Structures are given as structure tokens and as C-alpha cells.
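Working notes for the structure below.
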Amino acid sequence: DAGVIQSPRHEVTEMGQEVTLRCKPISGHDYLFWYRQTMMRGLELLIYFNNNVPIDDSGMPEDRFSAKMPNASFSTLKIQPSEPRDSAVYFCASSFGTGFAIQYFGAGTRLSVL
Amino acid sequence: DAKTTQPNSMESNEEEPVHLPCNHSTISGTDYIHWYRQLPSQGPEYVIHGLTSNVNNRMASLAIAEDRKSSTLILHRATLRDAAVYYCILSDSAGGTSYGKLTFGQGTILTVHP
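Chains H and B, in that order, are what the protein sequence lines are. The numbering of the first sequence is our numbering, which starts it at 10 and goes up by one. The numbering of the second sequence is our numbering, which starts it at 372 and goes up by one.
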């Protein structure tokens, strides 16, 4: 398997624009996680899905952020409208099961909002 | 959520063993101890995990104190490729509010000298 695939790897946009980040989890994995990493706050869990259903979105910073998982092989994280403080590296991870299951991370999307 | 405490940074010489400590005095009986590491410009990657007994795999060993209030990640022979941020994380396997979540702290920055 190619691992967790995220696109794009880099995104530069202007404040107020809509940004969509994409993730393809490892085939067969039933959990998908979205994280955000900044220097100030470190690595934070934003939301996670089980069998395409959002389970916990308590980490989503505000209503400008939304995440969907229309099927088992695809998820999106959307920011609308984007703000400079959204600049960060966004990681997607997937696992088979949870509790103590290993999470496999993608390479991340580096987002810069000007 | 149970918290972990790690030193901010550690240094090692190449081909020497490295012992990375982690304190988790509020660990519950169902919390697994996970170690992940993040190499520069990459997503986190799984290293090892355990519950009560010491664990070994091809990457490292995990030594867990008898009272489970601390653990040590052991890299038997550090290489330059092991330079990374190492995260010690507790994950609830019993279905509590932190079930399945990985809450990343600041981790330990490991520097390996040639």
C-alpha cells in the first residue's frame, strides 16, 4: 500500500479564499484523523471519523472549518474563509481500529494563508 | 486526559544507546503507552507501544516501570537518522472520553552527533 496520501503538499492562498485539503487513507482502515501542527500549539487533533462517520469534532477550531468523508477512501478538510492564523501543517492519519491501534500519518499539507 | 512529561531535549552520539524517559503518574489501568517520532519535515511515525510488559521491536525497546507511572524508550544504537522529536502518548483503550485519541505533547527533541 502507498500509505496515507495527502494533497496538495503545499498550498498558498490569500485571506478569505476557500481551501480544500484532501486525504486518501490506507485501504481497509476504518478510522481517519485530521491533525494540525503549528509552532505555538504543537500537534492537535481536529476531528476523527469511524466508518466515514464523524465521531469527535471537538478539536475543530471554529465554524470556518469543516470535514467530510463521503466514502472509505477519501476525506476532505475545508476552510472557508481562510485566515492567516490558519497557516499550519495539516496531517491526515488512518488506523485499523483504535484504542491502541497504530496510526499511520501522511506527509502533510503545508498551508500558508497570506 | 492522563498527561505525560518528557525532557525538552536530549543529545546522543552515533552508535551509542539512547534512553528517552517519560513520566505519566496519572496513567489509568486501561491506558496504552505509545511512542511516535517525527523526523524533520515528515509526519509522525509509530515507534512502539505497550500496556504493562516491556516490548521490543526492530526499531526500539520500551521499558515500563512496574507501577506504570513511567516508561523509557530505548534506541539501542542511535544513528543520524534517529534525530527527531519523540512523543510519549497515552491512549485510552477502554472507551472513555479520550478513547482512541492521541494527544501529542511537546515531545523530546533528540540530537544525534556523528
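Just so it is clear, CB atoms sit at the ideal spot from N, CA and C, and this is done for glycine as well. As the structure is a prediction and not an experimental result, all values here were calculated from the model.
Residues of its chain near B/H405, where Cβ-Cβ distance is below 7 Å and the 5 sequence neighbours each way are ignored: Walking along the second sequence from the start, residue 405 of chain B turns up at place 34. So the qualifying residues of the chain are H420, I460, S462, L473.
Exposure of H/T47, with buried meaning 16 or more beta-carbon neighbours within 10 Å: Residue 47 of chain H sits at position 38 when you count from the first residue of the first sequence. Burial call: exposed.
Under 7 Å by beta carbon: chain B residues contacting H/F100: As a working mapping, residue 100 of chain H is identified with position 91 in the first sequence. Neighbourhood of H/F100 in chain B, by CB distance below 7 Å: G414, in chain order.
CB of B/F475 within 8 Å of CB of H/L55, strictly: The residue labelled residue 475 of chain B in the question sits at position 104 within the second sequence. The residue labelled residue 55 of chain H in the question sits at position 46 within the first sequence. In this structure, B/F475 keeps its C-beta atom at 8 Å or more from the C-beta atom of H/L55.
Coarse secondary structure for B/L391, derived from DSSP in three states: Position 20 of the second sequence holds residue 391 of chain B. Note: B/L391 maps to strand in three-state DSSP.
Among B/I398, B/T375, B/N425, B/Q413, nearest to B/R445 - alpha-carbon criterion: Taking the second sequence and counting its residues from 1, one reaches residue 445 of chain B at position 74. A quick correction: the sequence has Ile, not Arg, at residue 445 of chain B. It is B/N425 whose Cα lies nearest to the Cα of B/I445.
Within 8 Å of chain B by C-beta, residues of the stretch 109-122 of chain H in sequence order: Residues F109, A110, I111, Q112, Y113, F114, G115, A116, G117.
DSSP bridge partner residues for B/A436 (one or two, in chain order): For this step, residue 436 of chain B is matched to residue 65 along the second sequence. According to DSSP, B/A436 bridges with nothing at all.
Chain H within 8 Å of B/Y403, Cβ atoms only: Residue mapping note: residue 403 of chain B aligns to position 32 of the second sequence, counting from 1. Flagged as an interface residue toward chain H: B/Y403, by a C-beta distance shorter than 8 Å.
Residue from H/Y99, H/K87, H/P93, H/M49 with nearest C-alpha to H/E23: Along the first sequence, read from residue 1 onward, the residue named residue 23 of chain H stands at position 14. Among H/Y99, H/K87, H/P93, H/M49, the Cα nearest to that of H/E23 is on H/P93.
Separation of B/T423 from B/K440, as counted between CA atoms: Along the second sequence, read from residue 1 onward, the residue named residue 440 of chain B stands at position 69. Along the second sequence, read from residue 1 onward, the residue named residue 423 of chain B stands at position 52. Using only the alpha carbons, I get a separation of about 11 Å.
Separation of H/Y99 from H/M69, as counted between CA atoms: Numbered from its first residue, the first sequence carries residue 69 of chain H at position 60. Numbered from its first residue, the first sequence carries residue 99 of chain H at position 90. When rounded, the distance between both Cα atoms is 12 Å.
Alpha carbon of B/P392 to alpha carbon of H/K33, nearest angstrom: Along the second sequence, one-based indexing puts residue 392 of chain B at 21. Along the first sequence, one-based indexing puts residue 33 of chain H at 24. Note on geometry: alpha-carbon atoms of B/P392 and H/K33 lie some 34 Å from one another.
For H/D95, three-class secondary structure by DSSP: Position 86 of the first sequence, counting from 1, holds the residue named residue 95 of chain H. In the three-state reduction of the DSSP assignment, H/D95 falls in the helix class, which pools H, G and I.
B/Q477: contacting residues in chain H (beta-carbon distance under 8 Å): To locate residue 477 of chain B, count along the second sequence from 1; it is residue 106. Close to B/Q477, with beta-carbon spacing below 8 Å, are these residues of chain H in chain order: G51.
Residues bridged to B/I404 [DSSP beta-bridge criterion]: Locating residue 404 of chain B in the second sequence gives position 33, where the first residue counts as 1. In the DSSP output, where bridge partners are listed per residue, B/I404 has B/G421, B/L461.
Proximity to H/S91 [Cα-Cα], best of H/V28, H/Q112, H/R119: Start at 1 with the first residue of the first sequence, and residue 91 of chain H comes out as number 82. H/S91 has its Cα closest to that of H/V28, out of H/V28, H/Q112, H/R119.
Span of the beta strand (DSSP E), counted from its first residue to its last, around H/Q26: The residue given as residue 26 of chain H occupies position 17 in the first sequence. Unbroken run through H/Q26: none, as it is neither H nor E.
Interface partners of H/L54 on chain B, CB under 9 Å: In the first sequence, counting from the first residue as 1, residue 54 of chain H sits at position 45. Under a criterion of Cβ atoms nearer than 9 Å, the residues of chain B adjacent to H/L54 are, in order, K472, L473, T474, F475.
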